[in-house]
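Asker: In the numbering used here, the protein residues as written are 1 to 172. Input: one structure, supplied below.
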């Protein structure tokens, strides 16, 4: 037994030296854990949710998700329709301005046409003026012929007097 004690003594010394010196792989906290292993506490058992309660929660979640997506799409469609309506209103406004400008031009042309119509002569007026001009021309022609005949008569008288005067009386 003495031999057994002699053999174990150097082994015990080396083991004691080892425990006093700190190894790199072990720390005090690791050694304490190794001395009293902690397996953790057992989590309490979960209660089953239940089909009815889970169905209601799932239905409400699905309904809220679907309604929010529907509201989003409805809002997008509303924005698109509103933008299209705004564009058509602006287009209608510009076309209305163009039409009103054309109407103003047409009214101005009608006003000018009415003024020209009132100041222009009709066919009856032209016929009447033509008839008056013919009468004036014919009257002037007759007067011209009468004047010519009168001048011719004066010339004849002057010739007759000059023949007669050559022989008897001289006018100075």
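Every residue, glycine too, gets a C-beta built ideally from N, C-alpha and C. Small disclaimer: the values here were computed from a predicted structure and weren't measured.
(1) For a test of the three-state rule: what should DSSP assign to residue 121, helix, strand or coil?
(2) Rounding to the nearest angstrom, what Cα-Cα distance links residue 43 and residue 53 in this structure?
(3) Taking just the CA atoms, how far does residue 76 sit from residue 86?
(4) For a test of the three-state rule: what should DSSP assign to residue 64, helix, strand or coil?
(5) Mind checking if residue 87 is an interface residue toward chain B, Cβ cutoff 8 Å exclusive?
(6) Look at the alpha carbon of residue 97 and the alpha carbon of residue 127, and state the distance between them as a whole number of angstroms.
(7) According to DSSP, is residue 41 part of a helix, a strand, or is it coil?
Answerer: Result, derived from the coordinates:
(1) Coil, per DSSP.
(2) Those two C-alpha atoms are separated by around 23 Å.
(3) 15 Å
(4) helix
(5) Of the protein chains in this structure there is only one, and it is not chain B.
(6) 47 Å
(7) coil
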